[in-house]
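In what follows, a structure is listed as structure tokens, so that the remarks can point back to it.
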Amino acid sequence: MSRVRSEALAQEGRAQIEWASLHMPVMAQIRKEFEKERPLEGLRIGMALHVEAKTAVLVRTLAAGGARVAIAGCNPLSTKDECAAALAQEGFQVFAWKGETNAEYFENLRSVLETKPDILIDDGGDLISL
Numbered sequence: 462m463s464r465v466r467s468e469a470l471a472q473e474g475r476a477q478i479e480w481a482s483l484h485m486p487v488m489a490q491i492r493k494e495f496e497k498e499r500p501l502e503g504l505r506i507g508m509a510l511h512v513e514a515k516t517a518v519l520v521r522t523l524a525a526g527g528a529r530v531a532i533a534g535c536n537p538l539s540t541k542d543e544c545a546a547a548l549a550q551e552g553f554q555v556f557a558w559k560g561e562t563n564a565e566y567f568e569n570l571r572s573v574l575e576t577k578p579d580i581l582i583d584d585g586g587d588l589i590s591l
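Note that the working numbering has the sequence shown beginning at 462, numbered continuously upward.
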């Protein structure tokens, strides 16, 4: 179950993600290949990254390859709440909102680890350090 500021922001987030997707042709090509080949089938990926539109395109691409993705922010101030809401509404496990307290930040990182990821993608090292 995701923890985001408000899923009511999802429509705006989807628009931001779609705009980013249209401007990321390499990711679009990778996604097409992933949809056919499913190279990540059955893998769980845990992420601590800036939760914003470009990262959301990456999340969708990994999922197209068969991965189950859980994501938390890597900085309590960088999350785009709209994008977090859109990903949560799409069924991804999202643990992020702008302005998290230090305690909330680490709780969200631990929530990602509770998904028992096979692979970690971590910007900053906080997730790996836990």
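Where a beta carbon is used, it is the ideal one built from N, C-alpha and C, also for glycine.
Exercise for the section: Could you pull out every residue in the same chain whose Cβ sits closer than 8 Å to the Cβ of R571, ignoring the five residues on either side in sequence? Expected result: Indexing the sequence shown from 1 puts residue 571 at position 110. Here the set comprises L591.
Handout entry: E614 versus A547 - alpha carbon distance
Key = For residue 614 there is no data in the structure shown, the boundaries of the chain being 462 and 591.
Problem - Bounding residues of the beta strand (DSSP E) (the contiguous stretch that carries L588) - result: Reading the sequence shown from its first residue, position 127 is the one you call residue 588. That residue, L588, is in no beta strand (DSSP E); its alpha helix (DSSP H) goes 587–590.
Exercise for the section: Entirely within the segment 551–584 and at least 3 residues each: give me those beta strand (DSSP E) ranges in chain order. Expected result: 554–556, 580–583
Problem - For L510, three-class secondary structure by DSSP - result: Here the question's residue 510 lines up with position 49 in the sequence shown. The answer is strand: DSSP assigns L510 an E or B state.
Practice task
Evaluate A564 with the Cβ neighbour count: other Cβ atoms within 10 Å of its Cβ, from every protein chain shown; 16 or more gives buried, anything less gives exposed.
Solution key: Looking up residue 564 in the sequence shown gives position 103. With fewer than 16 other Cβ atoms within 10 Å, it is exposed.
Practice task
Provide the residue span of the alpha helix (DSSP H) that contains R492, from first to last.
Solution key: On the sequence shown, position 31 is the one that residue 492 refers to. Per DSSP, R492 belongs to the alpha helix (DSSP H) from 486–498.
Practice task
Just grab the DSSP bridge partners of R592 for me.
Solution key: An answer regarding residue 592 cannot be provided, because it is not within the stretch 462 to 591 covered by the chain.
Problem - The alpha helix (DSSP H) enclosing S482, as first and last residue numbers - result: Here residue 482 is taken as the residue at index 21 of the sequence shown, counted from 1. Note, S482: alpha helix (DSSP H), 471–483.
Problem - C-beta atoms of P578 and G503 nearer than 9 Å - result: Taking the sequence shown and counting its residues from 1, the one referred to as residue 578 is at position 117. Taking the sequence shown and counting its residues from 1, the one referred to as residue 503 is at position 42. No; because the gap between Cβ atoms is not below 9 Å, this pair is not in contact.
Practice task
With distances taken Cα to Cα, identify the nearest neighbour of S482 among C544, K497, D584, F567.
Solution key: In the sequence shown, counting from the first residue as 1, residue 482 sits at position 21. The candidate whose alpha carbon is nearest that of S482 is C544.
Practice task
From the DSSP output, read off the bridge partner residues of R466.
Solution key: Numbered from its first residue, the sequence shown carries residue 466 at position 5. DSSP lists no partner for R466.
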